[in-house]
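Asks:
Number of protein chains: 2
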Amino acid sequence: MDLTEANELIINSLKKNYIITIFCSCSVEYTGRAKSYIARGDRLIIIKHDGTVLVHKPDGRSPVNWMPSKTFISPIIEDEMLTIKCSNSGEAMNAKIFEVYNITAAPLLDIEQLRINGTESDMSNMIYANPTLISEDFVPSSREEQTKYGFLDVFGHNGKGELVIVECKRYTASLDAVTQLRRYVERVKKTRGVKKVIGVIAAPNISNNAAKMLNDWGFTYKSINPPDRFPEKEKSQRKIKEFY
Amino acid sequence: MDLTEANELIINSLKKNYIITIFCSCSVEYTGRAKSYIARGDRLIIIKHDGTVLVHKPDGRSPVNWMPSKTFISPIIEDEMLTIKCSNSGEAMNAKIFEVYNITAAPLLDIEQLRINGTESDMSNMIYANPTLISEDFVPSSREEQTKYGFLDVFGHNGKGELVIVECKRYTASLDAVTQLRRYVERVKKTRGVKKVIGVIAAPNISNNAAKMLNDWGFTYKSINPPDRFPEKEKSQRKIKEFY
DNA sequence: ATATAGATCTCGTCA
DNA sequence: TGACGAGGTCTATAT
Chain A
1 MDLTEANELI INSLKKNYII TIFCSCSVEY TGRAKSYIAR GDRLIIIKHD
51 GTVLVHKPDG RSPVNWMPSK TFISPIIEDE MLTIKCSNSG EAMNAKIFEV
101 YNITAAPLLD IEQLRINGTE SDMSNMIYAN PTLISEDFVP SSREEQTKYG
151 FLDVFGHNGK GELVIVECKR YTASLDAVTQ LRRYVERVKK TRGVKKVIGV
201 IAAPNISNNA AKMLNDWGFT YKSINPPDRF PEKEKSQRKI KEFY
Chain B
245 MDLTEANELI INSLKKNYII TIFCSCSVEY TGRAKSYIAR GDRLIIIKHD
295 GTVLVHKPDG RSPVNWMPSK TFISPIIEDE MLTIKCSNSG EAMNAKIFEV
345 YNITAAPLLD IEQLRINGTE SDMSNMIYAN PTLISEDFVP SSREEQTKYG
395 FLDVFGHNGK GELVIVECKR YTASLDAVTQ LRRYVERVKK TRGVKKVIGV
445 IAAPNISNNA AKMLNDWGFT YKSINPPDRF PEKEKSQRKI KEFY
């Protein structure tokens, strides 16, 4: 397709707030949070009506380059190339198009929103509703709340005056999860001025190193699967006991 | 476009390993790592030759639904709808297409790879090459290495026999950054059997809470801008001294 | 606007 | 293959 023709089509489609897909050969340079460059190759460029721009290689899940919504987009013919100039406050991306194979533009209407479950939030709700998943004596008092101690997945006590903090993870709990729990436990200890706070990791699995660190810090692990997931494969089940 | 015709076009394009874009009205259900559903709306579906599938709403940077590469894709006419059935080990996504506005399919060839700089890795390299950025007496001995102590951004000593660990962050250092540093410091202390290890956060900014935690743990903060970035705005500069 | 933490995170790397 | 950490992460939420 002729580049001048392509340029006009893009400009008209931008005016109409169409979503635009461009099959083309292009190079892309980016400056902003980092700097990047990719030499000429065949790619798919997507321009959305909110100013989002995506550049996709022929494979891979993630765009090789992109600009977030509210980006200012101005296509221009320059040096016999069609350059899509994109900029916002602090970032700039230029896609230099050498050849256009196809342009499609259309208005798309979508007022629906994704409904999802099986998230970490659902997991903490499940635990809140079924506290015996943690222990027989666990009494939850808040869930997923920005308390003055910070954001705690599930917070409560054990009926003996000891506070309990549960940190949920949907997958294998890592060192990060344990340090996170530790941070929460210490904050509550400090704020409440108590010596003992029970810290619990609730996750389907826990990594070897994380389990060791958990043990070092006197926390406990409870194997819990998040709701609405495929059952874990047996081989990936870890036995927490082996670490004690 | 007729759904049967669309179905055949998709099947043929899949056989040829083309990248396929579908402007359509569809609903999408997903089961796997979570469960999700989005009701009928206009969307752009992208199928790549490596088995990646993306479903994009008319706005927003991220796909509303997706399947990773190596997904098995089988389009089928069912109940007067064109369903794109996608599955791999553990996940399944079905896009039920009610109406097709446009299908474009083409072979794209791209052998180029993105070259990028200004990452955290570049930042640790910069510090390694210019140790006085941290302090006058800092002597780095390794950078970004998976040592037996774990992954350390920059590791060295101060010439007085005291070990120094530098954790780099490209943006405002958060509580997470401090807990991470703390984990590294303790690991090195334990492994080397020394009482004192100097922990340093190198970042352009640090959050208020992170600075307090840093102070509590006796670590230090050094304001350093990562290379190849736009200069920080003055207003966003934090004064570390106010926390001490 | 900043801070915080999750995500169907994705992606690379290294043991 | 799992573990670990970065990312131009993105996104939502709370302050």
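Protein sequences appear in the order of chains A and B. Quick note: this note's numbering has the first sequence finishing at residue 244, numbered continuously throughout. Quick note: this note's numbering has the second sequence finishing at residue 488, numbered continuously throughout. In this text, a Cβ means the ideal position worked out from N, Cα and C, and glycines have one as well.
Rank B:Gly276, B:Tyr372, B:Asn469 by C-alpha distance to the C-alpha of arginine 387 of chain B and give the top, closest one.
Replies: That would be B:Tyr372, whose Cα lies nearest to the Cα of arginine 387 of chain B.
Asks: Whether or not the region 427-443 of chain B and the region 394-404 of chain B are in contact is what I'm after, with contact meaning three or more pairs of Cβ atoms, one per stretch, closer than 8 Å; do they touch?
Replies: A contact exists between the region 394-404 of chain B and the region 427-443 of chain B.
Asks: If we define contact as Cβ-Cβ less than 8 Å, is tryptophan 461 of chain B a contact residue for chain A?
Replies: It does not; no Cβ of chain A falls within 8 Å.
Asks: At 3 residues or longer, and completely inside the region 356-438 of chain B: list those beta strand (DSSP E) runs for me, N to C.
Replies: Whole beta strand (DSSP E) segments, 3+ residues: 359-361, 383-391, 394-401, 407-412.
Asks: Does any CB atom of chain A fall closer than 8 Å to the CB of alanine 455 of chain B?
Replies: With 8 Å as the cut-off, alanine 455 of chain B does not count as an interface residue toward chain A.
Asks: Just to confirm, is the Cβ distance from isoleucine 442 of chain B to valine 422 of chain B under 8 Å?
Replies: For isoleucine 442 of chain B and valine 422 of chain B, no; Cβs fall outside 8 Å.
Asks: So that I know if they touch, is there some Cβ in chain A lying closer than 8 Å to that of lysine 340 of chain B?
Replies: Not closer than 8 Å to any Cβ of chain A, the Cβ of lysine 340 of chain B fails to qualify, so no.
Asks: Please state the DSSP three-state secondary structure of leucine 246 of chain A.
Replies: Examination of residue 246 of chain A is not possible in this model, given that chain A is present from 1 through 244 alone.
Asks: Is tyrosine 37 of chain A close to chain B, meaning its C-beta is less than 8 Å from at least one C-beta of that chain?
Replies: Output row for tyrosine 37 of chain A: interface = yes.
Asks: 8 Å is my cut-off, CB to CB: does lysine 177 of chain A come that close to chain B?
Replies: Per the sequence shown, residue 177 of chain A should be read as alanine rather than lysine. Chain B contact via Cβ: absent.
Asks: Out of B:Lys440, B:Thr248, B:Asp420, which one is the CA nearest neighbour of serine 451 of chain B?
Replies: Comparing Cα positions, the closest option is B:Asp420.
Asks: Give the DSSP-derived three-state secondary structure of asparagine 225 of chain A in the structure shown.
Replies: Note: asparagine 225 of chain A maps to coil in three-state DSSP.
Asks: Thinking threonine 296 of chain B and proline 312 of chain B are a contact (beta carbons under 8 Å), I'd like their distance in whole angstroms, please.
Replies: Going by Cβ atoms, the distance from threonine 296 of chain B to proline 312 of chain B rounds to 6 Å, so yes, they are a contact pair.
Asks: Tell me the residue span of the beta strand (DSSP E) that contains leucine 288 of chain B.
Replies: Counting along the chain, the beta strand (DSSP E) containing leucine 288 of chain B begins and ends at 279-291.
Asks: Would you grab the beta carbon distance between lysine 413 of chain B and alanine 455 of chain B for me? Rounded to a whole angstrom, and I think it's under 8 Å.
Replies: Contact flag wrong, Cβ pair sits at about 13 Å.
Asks: Who are the Cβ neighbours of isoleucine 22 of chain A in its own chain at under 6 Å, not counting the five residues just before and after it?
Replies: Ile45, Ile103, listed in sequence order.
Asks: If you follow the beta strand (DSSP E) that lysine 301 of chain B is part of, which residue opens it and which one closes it?
Replies: Note, lysine 301 of chain B: premise wrong, no beta strand (DSSP E); not H, not E.
Asks: Confirm, please, whether the CB-CB distance from isoleucine 255 of chain B to isoleucine 264 of chain B is below 8 Å.
Replies: No. Outside cutoff.
Asks: Whole angstroms are fine: how far does the CA of alanine 278 of chain B sit from the CA of glutamate 252 of chain B?
Replies: Looking at the two C-alpha atoms, the distance is approximately 31 Å.
Asks: Can you list, in chain order, the residues of its chain whose CB lies under 6 Å from that of cysteine 245 of chain B, leaving out five sequence neighbours each side?
Replies: Reading off the sequence, residue 245 of chain B comes out as methionine, not cysteine. The residues are Val344.
Asks: Can you tell me whether glutamate 249 of chain B is buried or exposed, with buried defined as 16 or more other CB within 10 angstroms of its CB?
Replies: Glutamate 249 of chain B should be labelled exposed.
Asks: Could you work out which residues of chain A lie near leucine 288 of chain B, taking near to mean beta carbons separated by less than 8 Å?
Replies: Within chain A, the residues near leucine 288 of chain B are Ile19, Thr21, Ile46, Leu108.
Asks: Would you say lysine 413 of chain B lies against chain A (beta-carbon separation less than 8 Å)?
Replies: False, the Cβ-Cβ gap to chain A never drops below 8 Å.
Asks: Can you name the residues of chain B whose CB is closer than 8 Å to the CB of serine 69 of chain A?
Replies: Residues of chain B passing the Cβ test: Asp303, Gly304, Arg305.
Asks: May I ask you to list the residues that DSSP assigns as paired with leucine 82 of chain A?
Replies: Partner(s): A:Ile77, A:Ile97.
Asks: With distance defined between alpha-carbon atoms, name the residue in B:Glu364, B:Asp303, B:Gly285 nearest to asparagine 17 of chain A.
Replies: Answer by Cα proximity: B:Asp303.
Asks: Using a cut-off of 8 Å between C-beta atoms, extract the partners of threonine 52 of chain A located in chain B.
Replies: Residues of chain B passing the Cβ test: Asp303, Gly304, Arg305.
Asks: Grab me the residues of glutamate 364 of chain B's own chain with a C-beta within less than 6 Å of its C-beta, minus the 5 sequence neighbours each way, in chain order.
Replies: Excluding sequence neighbours, glutamate 364 of chain B sits near Cys412, Arg414.
Asks: So who's on the other strand from tryptophan 66 of chain A, going by DSSP bridges?
Replies: Partner(s): A:Leu54.
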